[in-house]
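In this note's numbering, the protein residues as written are 1 to 270.
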């Protein structure tokens, strides 16, 4: 049976080979021949007058124009270094905002009462001006001990406000303070407005950031210290610490850090 199947398969294969057509080499095919590829390596893929090339030309011309303008114009010369019309006069700031570091000045005649002025800026009006209940010579003596703590206390007074209710005013506006120096009661310190003498002292030491000395006073065209002696001053930076609406403190900062005298002034409303 297998032999007959093999014979049948051979006959079928021979018949299929005989039915195949042999196409001559010169026979014309229905599909056109593929043309030979031209050498296009030297040809441009984008035409010269394409929109992309025109855009590149415009961009290059615009860039060259900008570079030429930058060369002709000098920007540092246009910027005005000092715009005086932008700075407001210091006397217009009635209640300037007080920062963490302020300028404090202690001054007074040797035998007169010492005053303490607090300024946010050396050129600005004092936001706090107190006349302490001790003489300048006594303060100098206390400073020689190396530690001075001045405590100023006042009573809390309620002030009526519009719309009903009461509240305490600003701490710096309190008129009278009970003063203690290193734990000893000295008397009463008072707040006051800035006088002509105060302005003279503050303007004289305006360029001094830290230091102490004597300010010569003029009277009738001659140098004179008056009946209260020569005018002394001490000026330094103070660190301002706000505890609450009713308490603030000023700590004198020593820029050298060499362990100089310590001075602290406390304001407390109880």
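The C-beta atom is built at its ideal place from N, Cα and C for all residues, glycine as well.
- Here the alpha carbons of residue 216 and residue 177 stand approximately 30 Å from one another.
- Around the CB of residue 104, 16 or more other CB atoms lie within 10 Å, so the residue is classed as buried.
- For residue 170, no beta strand (DSSP E) run applies, since DSSP gives it neither H nor E.
- By the 16-neighbour rule on beta-carbons within 10 angstroms, residue 136 is buried.
- In this structure the segment 106 to 118 touches the segment 195 to 209; the number of beta carbon pairs closer than 8 Å is three or more.
- In the structure shown, residue 136 falls within a helical segment according to DSSP collapsed to helix, strand and coil.
- For the pair residue 234 and residue 212, the CB atoms are nearer than the 8 Å cut-off.
- Under the DSSP assignment, residue 178 falls in the beta strand (DSSP E) whose first and last residues are 176 to 181.
- In chain order, 131, 132, 133, 134, 135 and 136 place their CB closer than 8 Å to the CB of residue 113, counting only its own chain and leaving out the 5 sequence neighbours on each side.
- Residue 232 counts as buried, since at least 16 other C-beta atoms from the protein chains shown sit within 10 angstroms of its C-beta.
- Here DSSP, grouped into helix, strand and coil, assigns residue 203 to helix.
- With a cutoff of 8 Å on beta-carbon distance, residue 153 and residue 270 are scored as near each other.
- Taking every protein chain shown into account, the CB of residue 201 has 16 or more other CB atoms within 10 angstroms, so this residue is buried.
- Put simply, the backbone Cα of residue 118 is about 23 Å away from that of residue 144.
- Burial of residue 263 is indicated by the presence of at least 16 other C-beta atoms within 10 angstroms of its C-beta.
- Residue 267: member of the beta strand (DSSP E) spanning 262 to 269, first to last residue.
- Taking residue 181 as the centre and dropping the five residues before and after it, the same chain places the C-beta of 150 closer than 6 Å to its C-beta, in chain order.
- Counting the other CB atoms within 10 Å of its CB gives residue 162 a total below 16, which places it among the exposed residues.
- By the criterion of a C-beta distance shorter than 6 Å, residue 252 is surrounded in its chain by 236, 238 and 263, once the five residues flanking it on both sides are discounted.
- Where residue 239 is concerned, the enclosing beta strand (DSSP E) starts and stops at 231 to 244.
- Bounds of the beta strand (DSSP E) holding residue 101 are 101 to 109.
- The residue from 190, 124 and 246 with its alpha-carbon nearest to that of residue 169 is 246.
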